[in-house]
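Chains as they are written, first to last, in this note's numbering: chain W, 679 to 1203; chain G, 3 to 49; chain F, 1363 to 1510. Cβ atoms here follow ideal geometry from the backbone N, Cα and C, with glycine treated the same way. All values derive from a computational prediction rather than experimental measurement. Below: the structure, in structure tokens.
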Amino acid sequence: YDDPHGLPEKTEYLLQEWVAMYHLPNAGRDSSKAFGHFVTQMSLHGVLKTDDLITRFFRLCTQFCVDISYRALASEPTADLIRSKAFHTLDAYVRLIALLIKHSGDANNGVTKVNLLNKVLGIVAGVLLQDQEVRGAEFQQLAYHRILIMLFLELNAPEQVLDSINFQVLTAFCHTLHILRPAKAPGFAYAWLEIVSHRVFIGRLLSITPQQKGWGMYAQLLIDLFKFLAPFLRNAELSKPVSMLYKGTLRVLLVLLHDFPEFLCDYHYGFCDVIPPNCIQMRNLILSAFPRNMRLPDPFTPNLKVDMLPEISHAPRVLTHFAAMIQPPTLKKDLDSYLKTRGPVTFLSELRSVVQVHVSSMNLHVSPEPGMHYNLPLLNALVLYVGTQAIQSIQTKGLSPSMATIGHSSYMDIFQSLAVNLDTEGRYLFINAIANQLRYPNSHTHYFSCVLLCLFAEANSEAIQEQITRVLLERLIVNRPHPWGLLITFIELIKNPVFKFWNHEFVHCAPEIEKLFESVARSCM
Amino acid sequence: LGSDLTTLGLNLNSPEPLYNNFGGPWAENPCRPQDIDFHVPPEYLTN
Amino acid sequence: PLGPVALSKEQQIQHQSLEAAFYHMPHPSDSERLRHYLPRSPYMTPPYYPQSVPLASDSLDFFHRLSTETLFFIFYYLEGTKAQYLAAKALKKQSWRFHTKYMMWFQRHEEPKTITEEYEQGTYIYFDYEKWGQRKKEGFTFEYRFLE
């Protein structure tokens, strides 16, 4: 950093001075009196003279605070003593940052305040990433966690000067936490989730900020978390560290399901895109969310008329631009052309004849890695895109989705050809993409429920029927919660004689499987 | 089979929002009133 | 049908960092101000003691049912927390009033002898946090400008 000669020493002296002033009984309300004296000292020492010096000052202070924390971790015998020693300096430093931010520029000039906040957060993030790089397994999150969460709490105090820049403050923190996402700072992952799920953080981003303007940022942070967890959850055995993080994630999702179900409804698509397909309970938890003002009819109600439900024809909000995920553009053009004109037949025959190759040229194939043959985001986007186009087409005709209205259409051609031509792995992912739309009563749930039942009824091989049953069953046998749309689809499958469900060999393939189906059937009848 | 999500220390039937007292991803219990920092009138900070 | 997937090199390194962090988990108190008087240090009480707080213990009616002494303890030892805030509300409900000059709670012992715009004067009960007890004070002038 080639700091100017003497700056580190000067900075350390000033920091120690501030810490002492901060802890004096007469520091005044929120240390304002002490701050007044201290700013004079900072000016005398010239550390506020230029932007470069301010940056160096904060980096050096951050590094001193981190060093003090590591020394406390190494020297103090108990967690309490470590924390009281380290926080003695850290909390004072956070207060100084907060005061400098609140008082930078004139009162109503939010820009200078937010710029200074972004600078400081960037410095803390930079020091953290470098520290993690240098210390490796010796890295400890304590100092960074304390600085970030206490600064967040200080800058979310009920004060006029802060209220006017609150959205920028939230944006700055979300941006920093994205930079420090677990994939980049795995050593900080637990503290990261602690901050992201802190009651004030959730409250500000999901409840207090008007017009749900914080929802997109919060969704991005959860996607960062799912992306990090995905490879470790992909295999059934979880290590203790992963299990801890996974369990913590479930707790956070339960709070969101209980308090902000509409948030999970709106972003379910983006979440399910990155949650590994075998992570069934966590995905069910997200898919089970439904708007609080909606009353779900009991799926086990005899002769439930799903298509008579008022909300069943309403399209749910999907805040991910899934159509843009259909790449390359030529693929989207060919797809649109086929959906519109049900031609050229080559498009389907390509799908049908060289679905593997075609699938690869749809670059659904991304790598020869076993179990990683398919571009899941593309497959998910394709299914949802074709489905929404189909719903639009059906509703334009004044119809509603049913076994009769969805069949023999360009949309079902696509689904049929994927069902018939993909291999077991590909078909499993394809059926999952459909099952991920089985949620609360809405037009997507309704349509995709019909698609699944239609694929079952018109399957040209029992393997397809067995796989559809498997995908539904594995989502049903896990612990609660279960999405409403999943339950009504499965009940229809085992109840409606048109599917001849009970005649299939695989239904009786093992006593416990047979018993399971019967127990579900009993609770339906 | 996943786990029984009612055993994670969250009162999922609570009529009140959970996040106000959420103890964090590793907490087995919600926060108690004495765990929650509150912006009380400065006069209350009798030290 | 997906089968297991081997972790990539990068994912293995990430896991090592995560594993190291697993041994230095954050404490809930890391997200709270330092509690000088009553740090939130978990203490293993005998299993037959209630391990979790009674439901609705963060509600005002719960605090209304606490004794006056308990409310004063919470007020003076749990400062800056929601508990202090609830204790103050419960004390006010029991017609105690907080005097910001002495930082003590006062309650009328009888109808004050004098009442003006600025103050009232009479015999009061007050809670002395130094001697930790309720005392009676006669001829006390309770100035409203010191009322929180």
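With which residues is residue i paired in a DSSP beta bridge?
i: Ile-1477(F); result: Glu-1482(F)
i: Gly-1495(F); result: Asp-1490(F)
i: Trp-1467(F); result: Phe-1460(F), Phe-1489(F)
i: Asp-944(W); result: Asp-944(W) is not bridged to any residue.
i: Asp-39(G); result: Thr-1443(F)
Is the Cβ of residue i closer than 8 Å to any Cβ of chain W?
i: Phe-24(G); result: yes
i: Met-1387(F); result: yes
i: Pro-35(G); result: no
i: Pro-1401(F); result: yes
i: Asn-31(G); result: no
i: Pro-19(G); result: yes
Rounded to a whole number of angstroms, what is the C-alpha to C-alpha distance between residue i and residue j?
i: Cys-957(W); j: Leu-935(W); result: 17 Å
i: Gln-694(W); j: Asn-22(G); result: 36 Å
i: Ser-1403(F); j: Phe-1195(W); result: 50 Å
i: Gly-655(W); j: Ile-1112(W); result: Outside the shown range of chain W, which is 679 to 1203, sits residue 655(W), and nothing can be said about it.
i: Tyr-1399(F); j: Asp-937(W); result: 34 Å
i: Met-960(W); j: Pro-27(G); result: 15 Å
i: Gly-1495(F); j: Tyr-1439(F); result: 15 Å
i: Ile-1172(W); j: Val-930(W); result: 35 Å
i: Ile-1191(W); j: Val-1185(W); result: 7 Å
i: Lys-1371(F); j: Leu-907(W); result: 15 Å
i: His-946(W); j: Tyr-1063(W); result: 15 Å
i: Phe-40(G); j: Phe-1508(F); result: 22 Å
i: Gln-1073(W); j: Ser-782(W); result: 57 Å
i: Ala-785(W); j: Val-839(W); result: 7 Å
i: Thr-1478(F); j: Tyr-46(G); result: 26 Å
i: Lys-1018(W); j: Ile-779(W); result: 57 Å
i: Asn-13(G); j: Phe-1504(F); result: 45 Å
i: Ala-698(W); j: Thr-718(W); result: 16 Å
i: Glu-940(W); j: Phe-968(W); result: 6 Å
i: His-853(W); j: Leu-1054(W); result: 27 Å
i: Phe-879(W); j: Leu-10(G); result: 21 Å
i: Arg-34(G); j: Ser-1419(F); result: 8 Å
i: Arg-749(W); j: Pro-1388(F); result: 17 Å
i: Asn-1157(W); j: Gln-1456(F); result: 48 Å
i: Leu-927(W); j: Tyr-896(W); result: It is worth fixing the name first, because residue 927(W) is Thr in this sequence and not Leu. Each residue's alpha carbon lies about 14 Å from the other.
i: Met-1465(F); j: Leu-731(W); result: 44 Å
In the structure shown, what three-state DSSP assignment does residue i receive?
i: Tyr-1089(W); result: helix
i: Leu-831(W); result: helix
i: Gly-1501(F); result: strand
i: Thr-1443(F); result: strand
i: Leu-1509(F); result: strand
i: Asp-680(W); result: coil
i: Asp-634(W); result: Residue 634(W) lies beyond the range of chain W shown here (679 to 1203); nothing can be said about it.
i: Asp-6(G); result: coil
i: Asp-902(W); result: helix
i: Asn-793(W); result: helix
i: Met-1406(F); result: coil
i: Lys-1371(F); result: helix
i: Glu-690(W); result: helix
i: His-1051(W); result: coil
For chain F, find out if any of its Cβ atoms is closer than 8 Å to the Cβ of residue i; answer yes or no.
i: Phe-765(W); result: yes
i: Gly-865(W); result: yes
i: His-876(W); result: yes
i: Asn-956(W); result: yes
i: Asp-39(G); result: yes
Consider the Cβ of residue i: report whether some Cβ of chain G lies at a distance smaller than 8 Å.
i: His-936(W); result: yes
i: Thr-1443(F); result: yes
i: Glu-1372(F); result: no
i: Met-1465(F); result: yes
i: Glu-1103(W); result: no
i: Ala-1452(F); result: no
i: Leu-1380(F); result: no
i: Gln-1446(F); result: yes
i: Thr-1485(F); result: no
Kindly list, in the order they appear in chain B, the residues whose Cβ is closer than 7 Å to that of residue i.
i: Val-930(W); result: No chain B is present in this structure, whose protein chains are W, G and F.
Practice problem: Could you say if the stretch 1375-1393 of chain F and the stretch 914-924 of chain W meet the contact criterion of at least three C-beta pairs nearer than 8 Å? | Solution: Short answer: they touch.
Evaluate contact between the stretch 983-990 of chain W and the stretch 1114-1123 of chain W, counting only Cβ atoms and requiring at least three cross-stretch pairs below 8 Å.
The stretch 983-990 of chain W vs the stretch 1114-1123 of chain W: in contact.
Could you say if the stretch 801-815 of chain W and the stretch 848-867 of chain W meet the contact criterion of at least three C-beta pairs nearer than 8 Å?
-> Contact annotation: the stretch 801-815 of chain W touches the stretch 848-867 of chain W, with at least three C-beta pairs closer than 8 Å.
Notebook entry, point to check: Between the stretch 1073-1090 of chain W and the stretch 1145-1155 of chain W, do three or more beta carbon pairs fall short of 8 Å?
Noted result: Because the criterion of three Cβ pairs below 8 Å is not met, the stretch 1073-1090 of chain W and the stretch 1145-1155 of chain W do not touch.
Would you be able to state if there are at least three C-beta pairs under 8 Å between the stretch 893-912 of chain W and the stretch 1409-1429 of chain F?
Flag = no, the stretch 1409-1429 of chain F and the stretch 893-912 of chain W do not touch.
Worksheet item: Per the contact definition of three or more C-beta pairs closer than 8 Å, is the stretch 1136-1151 of chain W in contact with the stretch 1089-1108 of chain W?
Response: Yes: the two stretches touch, three or more of their Cβ pairs being nearer than 8 Å.
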